[in-house]
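Note sheet for the following structure.
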Amino acid sequence: MSVDLSPITLAIFVPLFGAIMAFLLPRAASVIGLATLALTTGAVIWLARAVLTGGAVVLPLGGWGAPLGIDLRADGLSVAMLGLTCAVGFLVSVAALDSLKGAQQARQRQYFWPLWLLLLTGMNGVYLGTDIFNLYVMIEVIALAAVGLTVLSGSRAAVQAGLEYMYASILGALLFLMGVGFIYLQLGRLDFAGLTGAEPTGALIAALALMFVGLALKTALFPLHFWLPAAHANATAPASALLSGLVVKAALYIVLRLAQYMPFPSETLLTLVGLMGAGAVIWGGIQALRAERLKLLVAWSTVAQIGLIFVAFARAGEVGLPESWKAAALLILAHGIAKAAMFLAAGRIKDEIGHDVIRDLDRSPIRPTLAQFTFALAAISLIGLPPSLGFIGKWSLMEGAMAAGYWHWVAVTMAGTLMSVAYFSRVFAGFLRFDRVRAPVGEHQGWALADAAPLTLALAAIGLGLLAAPILGFIEIGYPFGVAP
Amino acid sequence: MSLAPFVTALALPLLLALALIWPQARSLVWRMMPFAPLPALALALLGDLPMHAQADWMILGLQFGLDEISRLFVIFTGLLWCAAGASARHWMRHDARATSFGVMFLMAQTGNLGLLLALDAASFYAFFAPMSFASYGLVLHSRTPQAQGAARLYIGFVVLGELALFAGLALAVAQAGSFHVADLRATALSDPAVALMMIGLCVKLGIMPLHFWLPPAHGAAPVPASAVLSGAMIKAGLFGMITLLPLGGVTYADHGTVMMAAGMVTIFAALLLGVQQTSPKAVLGYSSVSQMGILALGLGAGLMVPQAWVAILPVLVFLAAHHALAKGALFLGTGAFAAQTGPAAKLAVTLALLLPAFVLAGLPASSGALGKEALKTAFNAGSPVWLPWLTVALSLSGVATTLLMARYVAMIWLHPPGAPAKVTQEAVLLPFLALVGASLALPLVWVAVAGTLAAPISQAAPGALWPVALGVAMAAGVAIHAHAQRIGPAVFLAQITAPGRALALRADSILAAKRRAARRLAHAMPKAIGETAMRWRLGQTAIAGLIALTLLLEAGGSLRGEAAMPPAAQPGAAHPPGHMLPPYFEP
Amino acid sequence: MTPDLIYGLTGIAVFGIGLVGALCALDRLRRVLALKLCSVGAGFLLVVGAWRAPPGVPDPVPHALVITGIVVMVSATAVALALIRRLQTLEAEDER
Amino acid sequence: MMDAPLLPLFILLTSLLAAPVLFSLPERAARLRTGINLGMAGLKVALVAWLSLKVSQGVIYDLRFELLPGLEFKLQADPLAILFIALSAVLWLITTIYSVGYLEHGPHRARFFGFFSLCVAATVGIALSGNLFTFLLFYELLTLATYPLVIHRGTAEALRAGRIYLIYTLAGGLVLLLGTLGLWVLAGTTDFVPGGVLAYVVAVNPLAAQLLFVVLIGALGVKAALFPFHVWLPIAMVAPAPVSALLHAVAVVKAGAFGIMRVVYEVFGIETAQALGVTAPLAVLAGVTIIYGSLKAITQDDIKKRLAYSTVSQVSYITLGVALASPLAAVGALAHLIHQGLMKITMFMVAGNLAEGLGVKRVSQMDGVGRAMPGSMLAFTLAALGMIGLPPLAGFVSKWYLAQGGLEAGQAWVIELLLGSSLLNAIYFMPMLHRAWFRDAAPETTGAPGRPRIGWMLAVPPAATAALVLIAGGFANAPFSPLEWTRFIVAIEYQE
């Protein structure tokens, strides 16, 4: 069979190839990793141009179209997700170069690149796939790679958390698989196009619910979030950034896609989703307020933010769904960028100060100013202050909810915002307090190349808010799906 | 008309005040002190009436001008300031706080002259306020406990007066639709507007019951300051009423009644209070209050019967001038007396002091007696009901003043006021004598200065001797001891707010405890919930149950539904099934 | 009761048992085994899909899916077991 | 004359771009930093002067940039914007000089001036915002930029204050977001248009409009320190003097007050708001705040706290004037925006000088400071007398117009309110003046004898602002004075 040289195939196979190469040539792993990312990014840009000029691109892999073969399809939303993955991934890789350069991290270095590239393959596969079974395979690939990244540091806590993550992830995937099976039983088709317009029978909805629960488990939606804080808090900084910024988004993306094509959710189900999101917002906020360590706080904030994305999804009920996904997508992009920046910055702070106990941040005479600044910028986007992308996402969320008269979602969003202010301000206080230090405090300490990547990400998270209109325009390309040609 | 003369008249004292900040300029400024009011005096004496100039860009549209009335006020006020300045120059020569005094003195002077020149309400207020506030420094000058008490009382009344005046002016301007005083006078202002303005100005004038500040303040201030406070500045209240209220056009019967009643009370109550004072300057202060009561009678009559105002107004101006000069002389004389060392010199000064004292008391043919007689005549045009009372009151006021003067003369001997250690005796004597002269000559000079307005005075009867005689007789048999005291406003305020503060403290502590408890709970609760959930795997179990339920549903629906599914609904059936395989399963 | 129904219900039951175990068991190894059970249950269900009309001609797609699922599960099990071993080693080290 | 449609953007950028540069300068590059600070501040004053000239000639600047479909980032230079922007530009220059002097040897100067610059950028942005959405952007930026300034000292107390400040203002910002959304959903636009955009909504659904008004005013009331949202303001006094000066005079509270103006005049429209029956309660609330702030101020011994409560009281004059719905009161309110800024910044700078030069931080320590620091205290005196409302100082002019406005609107209680407030002002300011000028210094409180050393950079700024207080009052009727400009604006807002 012949594979056409298409940006779509490149986006999947270049990372796969890179992962294999990096595994085989551990000494050149970082070079291979960066080169792979550069190539992948190039492919995504190519793809983005194609999408921008010609609308959605469909590539029947191996020459057969749906419903028989595997179609790969790129529309605005998937390219946006690809772009997020590649851009954030690239910058995290740059940061990883620095944080993994020590001699004692040789082992980590050896495994980081293959795992990460495998992860990239999986995610790109998810964003380009149009077939729910393929999605299942890809989320399994992602799960394995992500677990590998979680336990990379080799500490007991990390391995424990990784194992917990593993269980959750596999179980989630299996639930998804079960749903896939039921759908096949019902419809005899697994491609998105085949799902469109299906009769929303009770059984189909139940299958969908199974898939949703599986995905919720993977994306750590309250109350299925139990694995996330430990996993994200104990991984190394670049791994946390990837996990929190990108990996959970893959499952979220599938939820969005399913919502687009499946005979979705009745109003009650959607309300349930929203309530789970609201629960996440509140519970994540409370736990973040209590967290004693910086990375744990950030991880709990991820729980809360993911909840917020689901609230955005449910913000205007069934009627508003054709618009609500845009708000959710904006929040996904915003959270991906900002959270990656925040985890990298938290890692930098931990590296410089030597610990990440929030209470004692102000006891250190060392103040990694730039990393702290980055953290604050990322927090601005996560809290949702203007003009960040997070703000725009929140704006769309609240606007839709308000227009539909769903005041409770507005209230939840506001409560979540206030809580995020409260827990992030705990951290700021640690940065900016000086009267508990005996030694003279030096400013501008700990400048490093590694600061550049998170800073870029954080600035992007804020600056992209100004480009919200074009971004929104872009992700709408190729929507609604319709039946593939 | 150009603005320049007015600006010059006001800028000179102001600039001198500012110049005092530089140590190098101080001696020059003190030498200039007596001449500071000269530009204003020159303007009043030499300028052609009526004068008017305006600067729209200043404050809220500044308008200056002089008419016949204000011209007279400027003349006697300026004269008094000249004399007080001359006296102050020597009085303050070795004073540690001379600079502070000088600045306040000149600021007050600027304000006093400025308000006489102002022709619009905002500017009037703009000059009235600095005058009042700067005087605070004059009253407080000695920093003794009495001075501090007096100053506190003074500032309290000033603020009260300013506020009332502000409110009254605001109402008045809103009603008249113009800032110009002529427009205010031409408008039938509402009762509250007039009442508020009257309160604001009566504070300055010391009409009872707004007089409390006056005697202590005049007693506490240094001699030159007392002279202008008592002579010049309290007349600002009178001038304000003359210039701002629609007197002579509109009837305000109630206001007039109150004013006259207050005036009568003032005349005699001040006597009763004044004769109990031991400080000679405080006695003089009460005498001022008493004299202002006379002016209040005139004002009240004018308010009540507008037609009478034409007759009353010139008399009031005359009385103001008369009181300014006589009282100024008395205050400066007190200083001159204190500065004398030998008993002979003291006696001589006392004799000189008797002249203005008798003028004030209304010795026949003196300005005091002429003024009162003229006022009686003017009252004839007023309310017939009040006329007899007014006449009697005016006559008896002579007795009252005589008694007060007697008390004063006694007190300067019994409780001689303090004087600076190294003051030049002649230098402080000279301004005093000049004012004595001016006071005696007033009836003669008035005709020349006031022109047509002097008519009622020149036609007035010389007056009777009996009130003065009676007063002297009574005074001779009187010996009274007195004491006066008050509590300060600060203490009062503290007492009022004490329960509130205690309550707030208590509420704070309760709140703090509650907050602590809430914080403990907020820390403990999530932890407990989280741990319980972790231990019992609540979430997971619930989810497992849910999913199991879904599976059962599915089992019920999907598996049974499968059999019912029509073959046509299976797209795969139409194609070779192998093609459904992913590529890597391809055979 | 048709065989496919029996087969399907068995699959669901097996999945359910595995699910409860995976979520509620505490022992690590048991949880892995429970996940395996889930996987088997899901496999059963997919195989039922191959039974569809006409009953005589098996649909190969579900078979392919099942095989893929098994492959995925095998690798996942391997990773899980490796992690468990690693964790045991670490715990043993900590205790010493 | 050259026409530059991007002029408002340039004005915004003068301080927005200065911020990153200042952040990145090393701590020791003091001279360069000062140069950039003063250069940019001076440039901004010049640009603002140019802009005001153009606007007074009738040019309207309008820059738009679409952020979301239909939702624009919009900068607009109208006379009302000029009023605020001129205040912030001039006072920024003055405060910058003061801050350079004040923090000469302090730590974290790079950070301080960076955020300082950002803070002014936010203020300028608020002034130039052409719609409520843009206003919201800068409003939040202002919160973020001022937080590091408030906690600049880095002590536990400062941190606590900072947290309270942050929670209040961000909660306010959140409610403003809610209000903006509500406006957007109800009216389909968030533009500021003289006469308002809500006439239709008010006619159709008055309840929603009333609710929206409450939400918006509540949100802006946090920054404008309306009772009971004023709590943060006195606590935020732990900040360094120039920060307090800026917070009180220009940036934060004024942003709130300015926002209230925009909302009442250009979102609702004064007539609509009046018809809706919401202005009267707002006026009453402002009145309560005025009295409450003054009463609290009396009991404070800490100089800065007393000034802070005084701000609570004084800023509500602006709200009061807006809410009275009469052109004259509006003139008073708008003029007070400037006048209060000038007076309060003077007082805070002098308070800073007292703390810096003499170690005097409490009213009870102020005995005799007038002799030790005559220049600064003279400035303070002018400002305090202005606050009380003595002519010809600036405060008198605004109070006068407020009183006239109250009468014009038929609300005579305003006069009583103003009287009460002036009385209370006198009660808490007079003792300070009395102590400063008429008491002899207690040696143990003022430290070493002799004249204190404060550099010209600390001495000149309060003198300059005090002079402005005098000029703004004394020449209130002159062209381009705040009062005149205010009349120009009111003519537009009342569409006369």
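As you go down the protein sequences, you meet chains U, E, P and H in turn.
Under the working numbering, the letters of the first sequence match residues 4 to 488, in that order.
Under the working numbering, the letters of the second sequence match residues 1255 to 1841, in that order.
Under the working numbering, the letters of the third sequence match residues 19 to 114, in that order.
Under the working numbering, the letters of the fourth sequence match residues 48 to 543, in that order.
All C-beta atoms in this analysis are idealised placements derived from N, C-alpha and C, irrespective of residue type, glycine included.
Predicted, not measured: the structure shown is a model, and the values here were computed from it.
Could you please give the first and the last residue of the uninterrupted alpha helix (DSSP H) stretch that includes residue i?
{"i": "methionine 390(H)", "result": "374-400"}
{"i": "arginine 210(H)", "result": "203-234"}
{"i": "lysine 301(H)", "result": "299-308"}
{"i": "lysine 270(H)", "result": "253-270"}
{"i": "lysine 252(U)", "result": "251-264"}
Under the rule that 16 or more other beta-carbon atoms within 10 Å means buried, what is residue i, buried or exposed?
{"i": "tyrosine 247(H)", "result": "exposed"}
{"i": "alanine 250(H)", "result": "exposed"}
{"i": "methionine 477(H)", "result": "buried"}
{"i": "aspartate 1508(E)", "result": "exposed"}
{"i": "glutamate 187(H)", "result": "buried"}
{"i": "alanine 1733(E)", "result": "Annotation note: pLDDT 41 at alanine 1733(E) (below 50); position unreliable, coordinate value reported separately. It is exposed - the Cβ of alanine 1733(E) has fewer than 16 other Cβ atoms within 10 Å."}
{"i": "proline 1837(E)", "result": "Low per-residue confidence applies at proline 1837(E): pLDDT is 39, beneath 50, and the placement is therefore not dependable enough to give any value."}
{"i": "proline 496(H)", "result": "Confidence at proline 496(H) is low in this model, with a pLDDT of 49, below 50, so the placement of that residue is unreliable and no value is reported for it."}
{"i": "threonine 493(H)", "result": "Confidence in threonine 493(H) is poor, its pLDDT being 48 and thus under 50, which makes the residue's placement too unreliable to answer from."}
{"i": "arginine 1770(E)", "result": "exposed"}
Are the CB atoms of residue j and residue i within a distance shorter than 8 Å?
{"i": "tyrosine 356(H)", "j": "proline 287(H)", "result": "no"}
{"i": "glycine 1301(E)", "j": "phenylalanine 1433(E)", "result": "no"}
{"i": "histidine 481(H)", "j": "valine 444(H)", "result": "no"}
{"i": "phenylalanine 131(H)", "j": "glycine 243(H)", "result": "no"}
{"i": "glycine 145(U)", "j": "alanine 253(U)", "result": "The question names glycine, yet the displayed sequence has isoleucine at residue 145(U). A contact, by the Cβ cut-off of 8 Å."}
{"i": "glycine 1528(E)", "j": "valine 1519(E)", "result": "no"}
{"i": "methionine 390(H)", "j": "alanine 292(H)", "result": "no"}
{"i": "alanine 1337(E)", "j": "phenylalanine 1359(E)", "result": "no"}
{"i": "leucine 196(H)", "j": "phenylalanine 163(H)", "result": "yes"}
{"i": "valine 1504(E)", "j": "proline 1560(E)", "result": "yes"}
{"i": "phenylalanine 1318(E)", "j": "leucine 1268(E)", "result": "no"}
{"i": "glycine 248(U)", "j": "alanine 307(U)", "result": "no"}
Tell me where the beta strand (DSSP E) around residue i begins and ends.
{"i": "aspartate 109(H)", "result": "108-115"}
{"i": "histidine 81(P)", "result": "Histidine 81(P) -> not in any beta strand (DSSP E); alpha helix (DSSP H) instead, spanning 78-113."}
{"i": "histidine 1306(E)", "result": "1305-1309"}
{"i": "isoleucine 73(U)", "result": "73-77"}
For a test of your reading of the model: does the CB of residue i fall under 7 Å from any non-hydrogen atom of the ligand GDP? Yes or no.
{"i": "glutamate 113(H)", "result": "For the ligand GDP, the structure offers nothing, since it holds no ligand at all."}
Going residue by residue through the stretch 1320-1394 of chain E, where are the continuous alpha helix (DSSP H) segments of at least 4 residues, counting only ones entirely within it? 1322-1345, 1352-1371, 1375-1394
Would you list, in chain order, the members of the stretch 395-423 of chain H that have their beta-carbon closer than 8 Å to a beta-carbon of chain E? Of all residues in the stretch 395-423 of chain H, Pro421 have a Cβ within less than 8 Å of some Cβ in chain E.
List in chain order: all unbroken alpha helix (DSSP H) runs of 4+ residues lying wholly within the stretch 17-59 of chain U. 32-57
May I ask you to list, following chain order, the residues of the stretch 342-367 of chain U that have a beta carbon less than 9 Å from some beta carbon of chain B? The structure shown contains no chain B; its protein chains are U, E, P and H.
Name the residues in the stretch 155-176 of chain U whose C-beta lies less than 7 Å from a C-beta of chain P; which are they? Arg159, Val162, Gln163, Gly165, Leu166, Met169, Tyr170, Ile173, Leu174
For a minimum of 4 consecutive residues, which ranges assigned as the alpha helix (DSSP H) are wholly contained in the stretch 1565-1627 of chain E? Complete alpha helix (DSSP H) runs here, min 4: 1597-1615.
For the stretch 387-402 of chain U, which residues have a beta carbon sitting closer than 9 Å to at least one beta carbon of chain H? Gly387, Leu388, Pro389, Pro390, Phe394, Ile395, Lys397, Trp398, Ser399, Met401, Glu402
What runs of the beta strand (DSSP E), each 3 residues or longer, lie entirely inside the stretch 104-192 of chain H? Counting whole runs of 3 or more residues, the stretch 104-192 of chain H contains the beta strand (DSSP E) stretches 108-115, 118-124.
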